[in-house]
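> Quick note: the sequence shown uses our numbering, first residue 592, plus one each step.
We treat Cβ as the ideally placed atom computed from N, Cα and C, and that holds for glycine.
Please read these numbers as outputs of a predicted model, since none were measured by experiment.
Okay, here's the structure, questions in a sec.
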Amino acid sequence: MMHPSVASRFSEIKPENESFRFNMRVIRHLQTQVDPETFTPLAVYDGRRMMFAARELPLGPQHSGRWTFTLGPPNPNARRPPTPYEVTIKKVADRNPELLSQFVAGRNAADEAITATLQALNIAIRDDVMQQYPTNSKSFFTPDERRDIGGGVELWRGYFQSVRPAANRLLINVDVTTAMMYKSGNLLDVCLSFFDERNPRALAPRSGFTARKITRLAKFLSNLSVRTPHINKTRVIKGLSRAGARDLSFVDSNGRTITVERYFREQANITLQNPDVTNTGALIPLELCQVEPGKIMKKELFQDKTREMVEFSRMRPSDRFNNIKRGLELLSFDRSPIVQHFGIRVASVDPLSIPARVLPTPPLNYNSASRDKSVRPSNGSWNMVDKKFYRSATIRKWVIIVYETQQRFNQQAVDRLIKDLVGAARAAGMTVLMDSPVVKWCNAQGNVPDQFRQAGMECVARQPEANKEGPGLFIAVLPNVAGDVYTAIKHFGDITKGVPTQCMVASKCLKANNQYWNNILLKINPKLGGINNILDPNDPASAFLKEQTIVLGADVNHAAPHTQGIPSYASIVGNVDSNAVKYVAVTRAQESRREDITNLKDMCLYIINKYKGYQAIVEKNQPSKATPKRLLFFRDGVSEGEFEIVKERELKALQDACREARINPKITFIVVGKRHHYRFCPQNQRDSDKSGNCPAGMVVDEAITHPIDFDYYLLSHGGIIGTSRPAHYSVIHDENRFSADSLQVLSFSLCHIFARATRSVSIPAPVYYAHLVSKRAKNHYDPRSTSDTASSTADGSQTLIESFRSLHENQAGNMYFM
């Protein structure tokens, strides 16, 4: 509950500052030091533009105010006067919490006023901790649990909190989260940690600290604010010098040309210990800068640190919930003056007990020649023992190219690879026509396309004159680190030549068992046109698919947050068969950071035409039976704030595509999300799986779901380690009039047909496929001008959109993305 009136306000700070923390400091100084009479009790601020007050602020008849002030008293010894800040606050609207009460009761739909009131509540419950701890606006972090992972980075554990609407009540969602922080301490030590060095000479340009390394370090440190204790100031790092303090000179206020080293010795009485080390762009030696604890690093995590990030974040459900309870003590809603001013009363801080049920597991069918023709997974898992693929592909001609050295992966290792892979393929029902493929060892620094072409020509030369087609499969054996080679291989296979490729890591091949080869074949078989398994057509879960149905999965992949000039990549996959297990894909580059899919109509039309062709040619259906009657669209990667715009634009594009294809299916549009903080823990150990998680198939569709909209949470995969994250399904358009049970069962079934694994996955297979296709979009460029090296301008992004290449037609009908 809360007060009957909340005033929302627009605030502006000049000069503008992008720092959330700094803006918070300015507004807090205004309220507590400059004009406490106006701001008692305190208003809450989001760090950007919005402010909310629990009462009408006395701002006069114009409902606006303007203040100019500095953040501290003038310092007579300072070279410059303190910066004056001008803050303007204007009233925007009154917010009536009664509308929110009607919304959660299901009597009113959400609108801007309700969204703003929820925003006010969220800011109010976060205000106290935002003032005390490092925060990224929705989460705060404490130093109690942290880990130094090297590279100048620490991991801190923290807590996410958010007010969420549910049926007839508001909930506070609290979860454990993790942030990357710059390592605290002397900046020189942080820089040494970044390079895993101990000797400061490693950062000295005159001792071999190259321009390339300086650029890497500058990128890591950019926009980091550091303290300079010798003058008690905070500075933001914008760059690094190309020389040390001993070699750098500048003209001082007396017109003298003086080195940085000499300046600090004479003017600050400081003898630098490492005068050859690089300096900040402002010519301040690294050793004179301090990184204070809790400086959040928002850049992309280094690839070699991802595993440590995952391990630190991982917690069993019981441990996670106990940690959340400790976090609730820090949040202390009942002791927060701001929470009390806003009239918010938290009824209970105990975890919510909610009803849930477990859906039946769908049976899966394999080839009728299998000893085990059908299998019913147990907690989302099964195996390939005594099973043959539902439709097995044929390996006619194939080539193996080894990019590991012959000393590490010799002829004996290759012979074993061939023997074991061929044996596993035949056991799974596949036909292998060539027992001795062409094998070549190649240099990873060489021209990969030329190497593949030459190997293909050798393969052709081995065959009789009457059988001169090229190889239908390339297998590449790679060293542990081979990013550029992998990209070049996929570009050659997907774009240039249109031939399936399969990469394997040499170290894994050397110790591979039968399960490993079966896992490789789960990828190879669909790439060559095969089908691994299908949902049992006679099971009630497959009833929806008995009527001609296209299931689409869609995703948009954006570049890392700190990058500019790189397009976003939109991908759609859709089934072409009647069992909804064989998928084709299409990808397009589009405007950077744009969430809705701009070419959706043409992309869907492509899928629909592929469906019609497959139905007519492969499944031999008449046109009336090859026309889809239903279209199920699973959309990934959409935040709740974007639901309406995505629905408006993408639903229309789907309808336009169907109209142009002269079909009229009933459309159901579902957003699938995993970027939420709802976690579940079974109340009784007997209800959990071996990992302590709830079992696969657990669904929640009440208590925490939306007050009005049709949504549910489905945990579709079995836990392994850590706390399993359920997927959140929001049905934003439904012409098929699904019942909750039928749509939940269908969603769960689609999580079991992910061809790359003998486990159910966390989201429906077509959504997962769309995600994989989007990630491969970087292969749609010439490897010599990769999309990762885009210009930081809009023109650079446009150039990459125009140079984006489509998938080779030879791969268009295959699941090349496996």
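In the DSSP assignment, find the unbroken beta strand (DSSP E) run with D1227 in it and report its ends.
Its beta strand (DSSP E) spans residues R1221 to D1227.
> Taking all protein chains shown into account, decide if D1085 is buried (16 or more other Cβ within 10 angstroms of its Cβ) or exposed.
Buried, since its Cβ has 16 or more Cβ neighbours within 10 Å.
> Measuring only the C-alpha atoms, how far is M1021 from D1127?
Distance between the alpha carbons of M1021 and D1127 is about 21 Å.
> Let me make sure I understand the geometry here. Which of V1262, I1199 and R1266 has the alpha-carbon closest to that of D1247?
That would be I1199, whose Cα lies nearest to the Cα of D1247.
> For a quick check, are the C-beta atoms of R837 and T825 less than 8 Å apart?
No. Outside cutoff.
> Are the stretch 859-876 and the stretch 744-755 touching by the rule of at least three beta carbon pairs closer than 8 Å?
As far as the Cβ criterion goes, the stretch 859-876 does not touch the stretch 744-755, which means the pair count is below three.
> Which residue comes first and which comes last in the alpha helix (DSSP H) that contains R853?
From DSSP, the alpha helix (DSSP H) with R853 extends over V851 to Q858.
> Would A1361 pass as a contact of G1061 if the rule is Cβ separation under 8 Å?
Their beta carbons are not under 8 Å apart, which means A1361 does not touch G1061 by this criterion.
> Are there three or more Cβ pairs, one per stretch, closer than 8 Å when the stretch 1211-1223 is compared with the stretch 1174-1191?
In short, these stretches do not touch, since the Cβ pair count stays below three.
> For I1120, which residues does DSSP report across the bridge?
Per the sequence shown, residue 1120 should be read as Gly rather than Ile. DSSP, once it has assigned bridges, lists no residue as partnering G1120.
> Kindly list the residues whose CB is nearer than 8 Å to the CB of P1298, restricted to its own chain and excluding five residues on each side of it in sequence; keep chain order.
Same-chain partners within the cutoff: F694, V695, A696, G697, P756, A757, A758 and N759.
> Between L1391, L943, K1366 and A1019, which lies nearest to N958 when the distance is taken from Cα to Cα?
For the residues L1391, L943, K1366 and A1019, the minimum Cα distance to N958 belongs to A1019.
> Look at the Cβ atom of V1358, then the Cβ atom of D1146, and state whether they are nearer than 8 Å.
Against a cut-off of 8 Å, the Cβ pair of D1146 and V1358 comes out as a contact.
> Return the residue from the list V625, I1392, K978 and A645 that minimises the CA-CA distance to P632.
Ranking V625, I1392, K978 and A645 by Cα distance to P632 puts A645 first.
> Can you tell me where the alpha helix (DSSP H) holding H932 begins and where it ends?
Start and end: P928 to H932.
> Quick check: the stretch 1033-1040 against the stretch 1069-1082, are there 3 or more CB pairs under 8 Å?
Yes, they touch.
> Report the option in L761, R807 and G663 whose CA atom is closest to the CA atom of A705.
Checking the displayed sequence, the identity of residue 705 turns out to be Ile instead of Ala. That would be L761, whose Cα lies nearest to the Cα of I705.
> Out of N1071, N1109, G1047 and V901, which has the shortest C-alpha to C-alpha gap to D977?
If we check each option's Cα against that of D977, N1109 comes out closest.
> Check W1108 in the structure and name its three-state DSSP category.
Helix at W1108.
> Contact between the stretch 1314-1325 and the stretch 1105-1122: three or more CB pairs below 8 Å?
No, the stretch 1314-1325 does not touch the stretch 1105-1122.
> Give me the Cβ distance between N870 and L839, rounded to the nearest whole Å; I'm assuming they're in contact under 8 Å.
At roughly 7 Å, the Cβ-Cβ gap stays under 8 Å, so N870 and L839 are in contact.
> With DSSP run on the structure shown, which of helix, strand or coil describes C782?
C782 falls in the helix class under three-state DSSP.
> Hey, how far is the Cα of G1283 from the Cα of S909?
So the two alpha carbons sit approximately 7 Å from each other.
> Looking at C-alpha atoms only, which residue of Q1155, K1203, S1183 and I1188 is the closest neighbour of Y1174?
The residue with the shortest Cα to Cα distance from Y1174 is K1203.
> Is the beta carbon of G830 less than 8 Å from the beta carbon of V781?
No, the pair does not count as a contact, with Cβ atoms beyond the cut-off.
> How many angstroms separate the CA atom of Q1003 from the CA atom of Q997?
Going by the C-alpha atoms only, they are around 10 Å apart.
> Quick check: what's the CA-CA separation for F580 versus L1012?
With the chain running from 592 to 1409 in the structure shown, residue 580 is simply not present.
> Which partner residues of T1140 appear in the DSSP bridge assignment?
Note: T1140 sits in a beta bridge opposite R1221.
> What runs of the beta strand (DSSP E), each 3 residues or longer, lie entirely inside the stretch 715-761?
You should have 730-741 and 744-757.
> For W989, list the residues DSSP reports as bridge partners.
W989 is bridged to L1064.
> Quick check on this structure: which residue in L950, A802 and K1099 has the alpha carbon closest to the alpha carbon of R1007?
For R1007, the nearest C-alpha among the options comes from K1099.
> How is the beta strand (DSSP E) around R686 delimited, first residue to last?
Its beta strand (DSSP E) spans residues Y676 to R686.
> Just verifying my parser: in three-state terms, what is the DSSP assignment at Q1054?
The answer is coil: DSSP assigns Q1054 none of H, G, I, E or B.
> Considering Cα atoms alone, identify which of I680, P649 and R639 is closest to T659.
Ranking I680, P649 and R639 by Cα distance to T659 puts I680 first.
> Just the Cα atoms here: how many angstroms apart are F1478 and E1233?
Coverage of the chain is limited to positions 592 through 1409, which leaves residue 1478 absent and any answer about it impossible.
> If contacts are defined as beta-carbon pairs under 8 Å, then A1294 and P946 qualify, I think. What distance do you get, rounded to the angstrom?
The pair is a contact, with the Cβ atoms about 7 Å apart (cut-off 8 Å).
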